[in-house]
Amino acid sequence: MNTPLFNIPLFPLNLLPLPGETIALHIFEERFQTLFDRLESMEIDEFGIPFVNDEQQMKLGGLMRLVFASEPDEHGFRDAAVRCIGLFTLEDFTKSSPHNEAPPYPTGTIRRWSEWKSFMLSEKATADFSKAATLSNAPAKMGALGQPNDGLMQALIQHQITPQKRFNILSAMDDRSRNEQIDNAARFTFLIAEQEAHRNKGYFPN
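Throughout the sequence shown, residue numbering follows our numbering, covering 12 to 217 in sequence.
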């Protein structure tokens with residue numbers, strides 16, 4: 012059964028926030044100053060960050076809530092912390108409108124997307140991510156949801172997997188393709204951590 016559609020404000024970025032992740036934003040464009048004014052006044056409680064790659068809308072994004080915003084300066088600029096509470100697919104996108112009757116910021120029709128909750132790490136990926144954390148001197152680092160790094164979302168956040176790789180994993184055509192991409196990302200993360208550990212010890216592998 013299809014989940015309901017919602018219309019929400021959008022803040023397109025070259026980011027793909029994941030559930031439990033908190034990110035920092037610097038708000039300077041006037042249209043997004045208006046959006047954050049409405050978030051702070053609780054006129055709006057959620058907005059979306061759809062992932063944009065090279066100006067191409069990728070139809071997947073993070074559903075966000077405001078955690079904190081600094082006082083606006085004389086130009087209306089402010090810093091904000093926002094937290095991802097879920098993922099969505101973008102069904103329709105409306106650009107900013109210059110007309111007074113419409114919001115100045117983009118809006119879109121979205122569908123909440125919860126399939127990610129069933130995605131798992133393989134034993135191989137878990138081992139490689141764990142070895143990478145140990146080499147990075149962060150074996151006890153907690154996942155984004157306040158639990159040990161034993162889930163896909165926690166691993167992608169903790170190891171700072173790039174937005175494009177996050178998108179590729181989440182939008183894979185089938186479980187086999189997804190698991191292969193997860194395993195490759197975990198292996199690459201481990202190899203980079205291993206290389207950094209050798210470099211810090213003054214050893215440079217060929």
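Just so you know, even glycine gets a beta-carbon here, dropped at the ideal spot from N, CA and C.
Counted as a single uninterrupted DSSP element, the alpha helix (DSSP H) harbouring residue 179 occupies residues 174-181.
Taken through DSSP and simplified to helix, strand or coil, residue 70 comes out as strand. Burial check for residue 139: the Cβ neighbour count within 10 Å reaches 16 or more, so the residue is buried. Excluding the 5 residues flanking it on each side, residue 13 has same chain C-beta neighbours closer than 8 Å at 122, in chain order. Here DSSP, grouped into helix, strand and coil, assigns residue 193 to helix. In chain order, 19, 20, 21, 22, 72, 73, 74, 75, 99, 101, 119 and 121 place their CB closer than 8 Å to the CB of residue 59, counting only its own chain and leaving out the 5 sequence neighbours on each side. For residue 198, the closest C-alpha among the options 164, 134, 183 and 185 is that of 134. Taking the Cα of residue 83 as reference, the smallest distance to any Cα among 104, 189 and 48 is reached at 48.
Contact between residue 27 and residue 178 holds: CB atoms are separated by about 6 Å, below the 8 Å threshold.
For the pair residue 57 and residue 24, the Cα-to-Cα distance works out to about 16 Å. Around the beta carbon of residue 164, 16 or more other beta carbons lie within 10 angstroms, which makes this residue buried. Looking only at 196, 207 and 175, the smallest Cα-Cα distance to residue 64 is reached by 175. In this structure, the straight-line span from the alpha carbon of residue 188 to that of residue 196 is close to 12 Å.
According to the DSSP assignment, residue 43 belongs to the alpha helix (DSSP H) that extends over 41-51. Separation of residue 167 and residue 51 (C-alpha to C-alpha, rounded to the nearest whole angstrom) is 29 Å. For the set 180, 127, 200 and 92, the Cα lying nearest the Cα of residue 141 is the one of 200. DSSP, read as helix, strand or coil, puts residue 148 in coil.
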